[in-house]
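The structure appears right after this line, and notes come after that.
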Amino acid sequence: TMIEVKDVVKTFDGFRALDGVTMTVPRGAVYGLVGPNGAGKSTLIRHLTGIYRPDSGAIDIDGQPVYENPAVKARIAYIPDDVFYFPQATIPDMMRYYRGIYPKFDAERYQKLGEVFQLDPKRQIRRLSKGMQKQAAFWLAMSLRPDVLILDEPVDGLDPVMRRQVWNLV
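To convert, note that position 22 of the sequence shown is 32 in my numbering; the numbers rise steadily by one, no gaps.
Right under this line is the structure:
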């Protein structure tokens with residue numbers, strides 16, 4: 011099993027956002043979380059990426075805990091609903107940053123994906139439209155060659171043509 015979530019509970023100010031969540035995701039699977047607003051999807055995603063620590067239960071990737079585990083986190087690429095980068099950063103700035111912290115960063119793939127996305131490398135990411143910021147996030151995330159790709163609202167803000175291209179990449 012690639013991802014294993016066992017009896018995860020998370021409470022915020024007395025509200026139980028996750029209540030004994032258990033799931034497994036096999037290697038190579040595409041798994042979707044579907045539910046109404048407030049169901050805990052983003053909270054679970056933040057646990058899967060090691061941003062949140064569960065109050066109880068366990069989240070493992072290949073048998074290793076995610077929280078406070080840099081070796082496991084280096085194998086994960088995460089694209090949140092609201093993409094955030096350093097305020098002045100361009101896509102090449104973020105590429106250099108990621109190349110320094112992700113051991114599997116693939117410069118050749120980065121160059122090839124640049125032809126797919128065709129974004130202006132000189133523009134600051136924060137100055138791009140929401141859809142273009144999402145494209146930049148996919149460009150960078152796919153260049154990491156992650157073992158686990160976690161997406162929160164992945165195609166929100168993308169036009170129909172780019173949605174198809176992104177799903178083909180995934």
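Glycine included, every Cβ here is placed at the ideal spot set by N, Cα and C.
{"Asked": "Simplified DSSP assignment, three categories, for Phe115", "Found": "coil"}
{"Asked": "Member of Val158, Ala49, Lys132 whose CA lies at the smallest distance from the CA of Leu58", "Found": "Val158"}
{"Asked": "Buried/exposed call for Arg137, threshold 16 Cβ in 10 Å", "Found": "exposed"}
{"Asked": "Bridge partners - Lys16, DSSP secondary structure assignment", "Found": "Ala68"}
{"Asked": "Inter-residue Cα distance where the pair is Leu161 and Thr100", "Found": "21 Å"}
{"Asked": "Buried or exposed by the 16-neighbour rule on C-beta atoms within 10 Å, applied to Thr53", "Found": "buried"}
{"Asked": "Spatially closest choice to Lys140 from Lys51, Thr34, Gly167, Arg133, by CA coordinates", "Found": "Gly167"}
{"Asked": "Cut-off 6 Å between Cβ atoms - residues of its own chain near Asp116, not counting five sequence neighbours on either side", "Found": "Ser153, Arg155"}
{"Asked": "Counterpart residues of Ala87 in DSSP-defined beta bridges", "Found": "Leu159"}
{"Asked": "Nearest residue (CA-CA) to Pro36, options Ile13, Lys132, Tyr62", "Found": "Ile13"}
{"Asked": "Gln74 burial status per 10 Å Cβ neighbour count (16 or more: buried)", "Found": "exposed"}
{"Asked": "Exposure label - Trp177; buried when at least 16 CB within 10 Å", "Found": "exposed"}
{"Asked": "Chain-order list of residues whose beta-carbon lies under 8 Å from that of Gly30 (same chain, five-residue window excluded)", "Found": "Asp17, Val18, Val19, Gly67"}
{"Asked": "Contact set for Val82: own chain, Cβ-Cβ below 6 Å, skip 5 residues either direction", "Found": "Ile71, Gln74, Val76"}
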